[in-house]
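A short worksheet on the structure shown next.
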Amino acid sequence: MARALITMPTTAKRGDVVEIRTLIAHPMETGYRPGEDGAIVPRNLIRRFSCHYHDGRDEVLVFSAELFPAVAANPFIAFSTVATASGTLRFSWSGDQGFTQTETASLAVT
Amino acid sequence: MKRLVSLMLALLVAHALAADARRSGFDDMSPQIQAMQRDDAANPAMLWVKEGEAMWGRECARCHGDAATSMRGVAARYPDFDTASQRPITLSQRINQCRVTRQHSTPLAPESDALLGIESYVAMQSRGLPIAPSADPRLQPFRERGEQLFRGRIGQLDFSCAQCHDEHAGQHLGGSTIPQAHPTGYPQYRLEWQALASLQRRLRNCMNGVRAEPFAYGAPELTELELYLAARAAGMRLETPAVRP
Numbered sequence: 147m148a149r150a151l152i153t154m155p156t157t158a159k160r161g162d163v164v165e166i167r168t169l170i171a172h173p174m175e176t177g178y179r180p181g182e183d184g185a186i187v188p189r190n191l192i193r194r195f196s197c198h199y200h201d202g203r204d205e206v207l208v209f210s211a212e213l214f215p216a217v218a219a220n221p222f223i224a225f226s227t228v229a230t231a232s233g234t235l236r237f238s239w240s241g242d243q244g245f246t247q248t249e250t251a252s253l254a255v256t
Numbered sequence: 069m070k071r072l073v074s075l076m077l078a079l080l081v082a083h084a085l086a087a088d089a090r091r092s093g094f095d096d097m098s099p100q101i102q103a104m105q106r107d108d109a110a111n112p113a114m115l116w117v118k119e120g121e122a123m124w125g126r127e128c129a130r131c132h133g134d135a136a137t138s139m140r141g142v143a144a145r146y147p148d149f150d151t152a153s154q155r156p157i158t159l160s161q162r163i164n165q166c167r168v169t170r171q172h173s174t175p176l177a178p179e180s181d182a183l184l185g186i187e188s189y190v191a192m193q194s195r196g197l198p199i200a201p202s203a204d205p206r207l208q209p210f211r212e213r214g215e216q217l218f219r220g221r222i223g224q225l226d227f228s229c230a231q232c233h234d235e236h237a238g239q240h241l242g243g244s245t246i247p248q249a250h251p252t253g254y255p256q257y258r259l260e261w262q263a264l265a266s267l268q269r270r271l272r273n274c275m276n277g278v279r280a281e282p283f284a285y286g287a288p289e290l291t292e293l294e295l296y297l298a299a300r301a302a303g304m305r306l307e308t309p310a311v312r313p
């Protein structure tokens, strides 16, 4: 079970820059650390984050990031995009051990 | 006796308001970490709080209603006296007691995400309120034992809590500022541990630091220490869920 928090405005004026902040619960295990039994804990990272903006017609990739072992647990990613039309934003995280999570948020543009 | 205890607590608070030399760990953090704590969108502890909120809705709301009113100020007064066991009890122990006796459910494991989640959700309802220890006179002997534990030397390094956190607070241990050890923001997110953690985990970690055998989670000694620390921090504002380096 993973938990994600997304903080962004629900409404914006056309052309506004919208700030989006995301937080997801994930251990971001590096694969370099020994566990209590001395054996290396297998790597378990989020490898990629992306945000697609669907404005009713097209879906556009507005932001993406690759994550590496130096990123702390529970990664916080903040970025901004331009509000072009009412629609939904789709956030997806994917990583090691088959990890995937997708969240959506809607944005009303006036 | 009860009047005496209330008077002592009132004096503690009055003293605190007169010239408060007490500092929350928050005051000694870098501006970046302070900003992380102030902003709920960036505070990783909110991941647990949201889990706790969901659990509240599923399991607690039917009896306790809206946490914003029913749980306001509750965390500020714990540890409180438990009549059933005739002992002080911490907030997380109270939650587990409610689960076992009222819900006929299983207790949540110490430091489990579920327990930290519900505890942080309940404690957050008191955010911004002053720490207001219970004036129950039956707590006094336990509080005194807590103070003895705080002042007693332990471990191979033969240190007491007071030696670092009273006598050398504000100085440095390695690269870190020694805090005054006021429990203002528990459960709190510790960047070093990359997780939400209870006050008992913090105390146990300090005991490991002086190479003492730490008390087990839920041990009466830890509750007594918590009780003393709460009296020592009486009147300081609760910050739960705090972020610390």
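For the record, the sequence lines run as chains Y and A.
Here my numbering is used: the first residue of the first sequence is 147, the next is one more, and so on.
Here my numbering is used: the first residue of the second sequence is 69, the next is one more, and so on.
The C-beta atom is built at its ideal place from N, Cα and C for all residues, glycine as well.
*asked:* So, at 6 Å on beta carbons, what are the nonlocal neighbours of residue 141 of chain A in its own chain, with the 5 sequence-adjacent residues on each side left out?
replied: Mapped onto the second sequence, residue 141 of chain A falls at position 73. Hits under 6 Å: 194 and 197.
_Option in A:156, A:101, A:95 and A:166 with minimal Cα separation from residue 129 of chain A_ = Locating residue 129 of chain A in the second sequence gives position 61, counting from the first residue. Comparing Cα positions, the closest option is A:166.
*Please state whether DSSP places residue 114 of chain Y in a helix, a strand or coil.*
Because chain Y is modelled from 147 through 256, residue 114 of chain Y falls outside the range shown and cannot be assessed.
*Using the rule of at least 16 other Cβ atoms within 10 Å of the residue's Cβ for burial, across every protein chain shown, is residue 239 of chain A buried or exposed?*
Numbered from 1 along the second sequence, position 171 holds the residue referred to as residue 239 of chain A. Label assigned to residue 239 of chain A: exposed.
*My understanding is that residue 288 of chain A touches residue 155 of chain A, with C-beta atoms under 8 Å, so please give their C-beta distance in whole angstroms.*
What you label residue 288 of chain A is simply residue 220 of the second sequence in a count that begins at 1. What you label residue 155 of chain A is simply residue 87 of the second sequence in a count that begins at 1. Right, their Cβ atoms sit about 7 Å apart.
*Using a Cβ-Cβ cut-off of 7 Å (strictly less than) and excluding sequence neighbours within five positions of residue 147 of chain Y, which residues of its own chain qualify?*
As a first step, residue 147 of chain Y is located in the first sequence; it is residue number 1 there, counting from the start. With a pLDDT of only 43 at residue 147 of chain Y, under the threshold of 50, the placement of this residue in the model should not be trusted, and no figure is reported.
*asked:* Cutting at 8 Å between CB atoms, please list the residues of its own chain near residue 292 of chain A, excluding the five before and the five after it.
replied: Stepping through the second sequence from its first residue, residue 292 of chain A is reached at position 224. Excluding residues within five positions, the ones whose Cβ falls inside 8 Å are 156, 210, 211, 213, 214 and 217.
*asked:* Any C-beta of chain A within less than 7 Å: which residues of the region 200-224 of chain Y qualify?
replied: 218, 219, 220 and 222
*Between residue 163 of chain Y and residue 208 of chain Y, is the Cβ-Cβ spacing less than 9 Å?*
The residue given as residue 163 of chain Y occupies position 17 in the first sequence. The residue given as residue 208 of chain Y occupies position 62 in the first sequence. Not closer than 9 Å, so no.
*In three-state terms, what does DSSP make of residue 199 of chain Y?*
Taking the first sequence and counting its residues from 1, the one referred to as residue 199 of chain Y is at position 53. Three-state result, residue 199 of chain Y: strand.
*Would you say residue 255 of chain Y faces chain A, with C-beta separation under 9 Å as the test?*
Taking the first sequence and counting its residues from 1, one reaches residue 255 of chain Y at position 109. Judged by the 9 Å Cβ criterion, residue 255 of chain Y is not in contact with chain A.
*Endpoints, the alpha helix (DSSP H) within which residue 207 of chain Y is located*: Working through the first sequence from its first residue, we reach residue 207 of chain Y at position 61. Careful: residue 207 of chain Y lies outside any alpha helix (DSSP H), inside the beta strand (DSSP E) at 205-212.
*What does residue 109 of chain A reach in chain Y if we use C-beta pairs closer than 8 Å?*
The count along the second sequence starts at 1 and reaches residue 109 of chain A at position 41. Within 8 Å Cβ-Cβ: 151, 153, 167 and 169.
*Against chain Y: residues of the region 247-267 of chain A by CB proximity under 8 Å*: 259, 262 and 263
*Give the straight-line distance between the Cα atoms of residue 273 of chain A and residue 241 of chain A, rounded to the nearest whole angstrom.*
Indexing the second sequence from 1 puts residue 273 of chain A at position 205. Indexing the second sequence from 1 puts residue 241 of chain A at position 173. Going by the C-alpha atoms only, they are around 15 Å apart.
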